[in-house]
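In the working numbering, the protein residues as written are 3 to 815.
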């Protein structure tokens, strides 16, 4: 009867409409069943679904779904999905519930619920659902739901579509995108499925994006393995710094910094100083935002810099290997010139072309494997260091020639010290090995005493046995040169703007002014405009080292050019510029730098320069009268210094101070210490021109006291007296008790503020000051050569006709 009775099973197509348990239905069976609150757990094949509340745990094939709340854990094939109640899983193509209820997983193409609490979506899942880590939510989310790290709202997005939590929270996407705070790449968005959103964006700062994305329509990781990126941003740089310190601050290799410098026309090694202008340009190019640390830097660059002006619009091209440039040094008569001649005769083709003088300061040879090597053919460390004093670094390898029958001599040691001061790799050429009294082992031991350790003794200095006279070992020497050069990884940008150094210059009676240049970077061509110092010119003709006309010259190539209207100085830098306007700009920059050049290091200025960060190392060059004094000086000075300033002895030798010493001191920024020695006249004049500080001592403790006082800013200033001029008393007049001397200035000038000495018959009779100085009736500050004046002296009224007036001033040394 109709009513509320249990009906465990229905017949074919029979469906009860009341709420009674019906575990299975038969084919079309079943009488009517009243509506009631009984349960109906299951329906038969094609069985109708109950519309009222009752649990129906599963549906048969094509079984209808209940519309009211009741649990239906699974649906049959093509089974209708209930819109209410919990449905934890759906069958194939099963309908998705639109209201609240847990549905942990969906079948293929299963519809996704739009509400909360959907821990995982099937492929092609819907837009709702929870997101992992968030409250409430699950991993495969759509637009809504909680985001991990922050309930309901979040800022990071680890997986899923466009909503979803982002791992770790915080501002921005952790692996890239447009926001800030990107730690270098995430591993992708983890909980995504096909059709859902993509993964995290890898790497990069600012607007950088990841290197990879997930597969087509995949919600998997995007940029899962982000490349480690250098952290850039604001950085504070000092007014001057070493190249290696800049590399450390920017967290890159020194080679990368040196390549950036050379690309800008700056030739410096890792231990040379660059100013803020250069370091900031490098930092900016590498993505940093540099600011200048106090104190402000001076306007000029250090002597060791070679700053060129790139051509506007020039395209940077990859760098290529360039030939090494070699300088030959050594003791007189040990065979420097003979070795150069032997190399040239052996490797340079006979029958040189051209009609001009072929000596251009350097020449190129080729090894048997076709690699070129450039030799500077002005041997000797004096010329080498004189060029370095002008800021030129042209040498890549220094070949020290030592005679096998004579051994290490004073000039050998000097050459070694010059090469070390320039931080140039050393190669020893053991010459005259063909002689009967040759003693290579003795020479090796001598070199070791001066810290030149040959490879076979466990050191890093290469030695090549040669005989310049007989041509023995020349090819092996060239191979060794290339070996030493290859370690340095010498390179240049052959397609860039040309920059290099003037080797020498002269006036040719037929051609005019010839400037012999060494191209160090870029390529110099006919028609290029070059700037040397404060002059510019257009290259009208070029000749190679054989005298042949050429149209272009690449890196490490020596070339003679017709371009300048004035003879440039050896060691000057040349720069190729784009046009006349750029040339004028660079010339004006050179003038400004020359006018505000950095002060040289002296003991008087040492403390101030230390405080400004301009000096971190005090270079000293020692000359003594005897070896015993030199040993004592070395021992004492090796212990002097502070954490802020190290004392470095760049050269020690017995004998008077020479021009070579002054050149080395100038190139190295060193102070010369003379102990019981004096400079010769030429060295003294050179020191004055180069502003090299020379100090003379005869007591060791006084030297040490001065250096320690200088380190602490307590050194008393030293003055010297400089004669300004002379005058002769022609007449004397009396004005009361005061005697006026009528004087003619014979040389220099007489200044009112100067000190005065009165010389009579070669003896000093007065020393004091001028109380009045007049020309006619007018007071005068000074009177020049050839003019007459009247003067009176302070507390001296005994002037006589014929007395000589000498004026002088004190100048701080």
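Heads up, the beta-carbon is just placed ideally off N, CA and C, and yes, glycines get one too.
(request) Take residue 590 as the anchor and find which of 619, 641, 533 has the nearest alpha-carbon. (result) Nearest neighbour of residue 590 by Cα position, chosen from 619, 641, 533, turns out to be 533.
(message) Buried or exposed for residue 559, going by 16 or more other Cβ atoms inside 10 Å?
(response) When all chains shown are included, residue 559 counts as buried.
(request) For residue 45, count neighbouring Cβ atoms within 10 angstroms of its own Cβ and tell me buried if that reaches 16, exposed if not. (result) Note that residue 45 has pLDDT 43, beneath the 50 cutoff, so the model's placement of it is unreliable and the number below is only indicative. So residue 45 counts as buried.
(message) Considering only their Cβ atoms, is the gap separating residue 345 from residue 367 smaller than 7 Å?
(response) With contacts defined by Cβ atoms closer than 7 Å, residue 367 and residue 345 form a contacting pair.
(message) Rounded to whole angstroms, what is the Cα-Cα separation between residue 1 and residue 570?
(response) This structure does not reach residue 1, given that the chain is present from 3 up to 815, and the question cannot be answered.
(request) Provide the residue span of the beta strand (DSSP E) that contains residue 439, from first to last. (result) Residue 439 -> no beta strand (DSSP E), and no H or E assigned at all.
(message) By alpha-carbon positions, which one of 535, 536, 551 ends up nearest to residue 542?
(response) The option with the nearest alpha carbon to residue 542 is 551.
(request) Please classify residue 104: does DSSP put it in a helix, a strand, or coil? (result) Low confidence applies here, because residue 104 scores a pLDDT of 46, under 50, leaving its location unreliable; read the following figure in that light. Per DSSP, reduced to three states, the secondary structure at residue 104 is coil, with no helix or strand assignment.
(request) Could you tell me the distance, in whole angstroms, from the CA atom of residue 483 to the CA atom of residue 399? (result) The C-alpha of residue 399 is placed about 7 Å away from the C-alpha of residue 483.
(message) Counting beta carbon pairs with one atom in the stretch 465-474 and one in the stretch 492-505, are three or more of them shorter than 8 Å?
(response) The stretch 492-505 is not in contact with the stretch 465-474.
(message) I'd like the span of the beta strand (DSSP E) that includes residue 433, first residue to last.
(response) Residue 433 -> beta strand (DSSP E) spans 428-433.
(request) Let me know the beta strand (DSSP E) ranges lying completely inside the stretch 676-733, each 3 residues or longer, listed in chain order. (result) Annotation note: the stretch 676-733 contains the following uninterrupted beta strand (DSSP E) runs of length 3 or greater, listed N- to C-terminal: 696-699.
(message) Below 8 Å, how does it come out for the stretch 654-672 and the stretch 702-714: are there three or more Cβ pairs, yes or no?
(response) By the criterion of at least three beta-carbon pairs nearer than 8 Å, the stretch 654-672 is not in contact with the stretch 702-714.
(message) Please report the straight-line C-alpha distance between residue 487 and residue 341, rounded to a whole angstrom.
(response) Annotation: residue 487 to residue 341 spans about 19 Å, alpha carbon to alpha carbon.
(message) Let me make sure I understand the geometry here. Which of 477, 441, 525, 629 has the alpha-carbon closest to that of residue 495?
(response) Measuring from the Cα of residue 495, the nearest candidate turns out to be 525.
(request) Look at the alpha carbon of residue 336 and the alpha carbon of residue 412, and state the distance between them as a whole number of angstroms. (result) Taking the straight line joining both Cα atoms gives about 12 Å.
(message) So residue 678 and residue 626 are supposed to be a Cβ contact under 8 Å. How far apart are they, rounded?
(response) Between residue 626 and residue 678 the Cβ distance is about 7 Å, and since that is below 8 Å, they are a contact.
(request) Please classify residue 237: does DSSP put it in a helix, a strand, or coil? (result) For residue 237, the secondary structure class from DSSP, reduced to helix, strand or coil, is strand.
(message) So, under 8 Å CB-CB, residue 790 and residue 744 are touching, yes? Tell me the CB distance rounded to an integer number of Å.
(response) About 7 Å; that satisfies the 8 Å criterion.
(message) Can you give me the C-alpha to C-alpha distance between residue 794 and residue 639, rounded to a whole angstrom?
(response) Taking the straight line from one Cα to the other gives about 51 Å.
(message) Helix, strand or coil for residue 514? Go by DSSP, reduced to three states.
(response) Residue 514: strand per DSSP, three-state reduction.
(request) Return yes when the Cβ of residue 324 is within less than 7 Å of the Cβ of residue 467, no when it is not. (result) Result no, Cβ atoms of residue 467 and residue 324 do not sit closer than 7 Å.
(request) Could you give the DSSP three-state label for residue 816: helix, strand or coil? (result) Because the chain in this structure spans residues 3 to 815, residue 816 falls outside the shown range and cannot be described.
(request) Please name the residue in 272, 446, 725, 564 whose C-alpha comes closest to that of residue 426. (result) It is 272.
(message) Using the three-state DSSP reduction, which class does residue 737 fall into: helix, strand or coil?
(response) Note: residue 737 maps to strand in three-state DSSP.
(request) Note down the Cα distance separating residue 807 from residue 684, rounded to an integer number of angstroms. (result) About 29 Å.
(request) With DSSP as the reference, please indicate the residues paired to residue 577 in a beta bridge. (result) Beta-bridge pairing links residue 577 to 501, 533.
(message) By the three-class DSSP mapping on this structure, what secondary structure does residue 552 have?
(response) The answer is coil: DSSP assigns residue 552 none of H, G, I, E or B.
(message) To the nearest angstrom, how far is the alpha carbon of residue 294 from that of residue 284?
(response) Approximately 13 Å between the Cα atoms of the pair.
(message) Once DSSP output is grouped into helix, strand and coil, what is the label at residue 347?
(response) Helix, per DSSP.
(message) Check this for me: beta carbons of residue 407 and residue 446, under 7 Å apart or not?
(response) Cβ atoms of residue 407 and residue 446: not closer than 7 Å.
(message) What would DSSP say about residue 653, mapped onto helix, strand or coil?
(response) For residue 653, the three-state secondary structure derived from DSSP is strand.
(request) With a threshold of 16 other CB atoms inside 10 Å of the CB of residue 17, please say whether the residue is buried or exposed. (result) Per-residue confidence for residue 17 stands at a pLDDT of 43, beneath the threshold of 50, marking its modelled position as unreliable; no derived number is given.
(message) Under DSSP, the beta strand (DSSP E) around residue 562 begins and ends at which residues?
(response) 559-564 is the span of the beta strand (DSSP E), which, as asked, contains residue 562.
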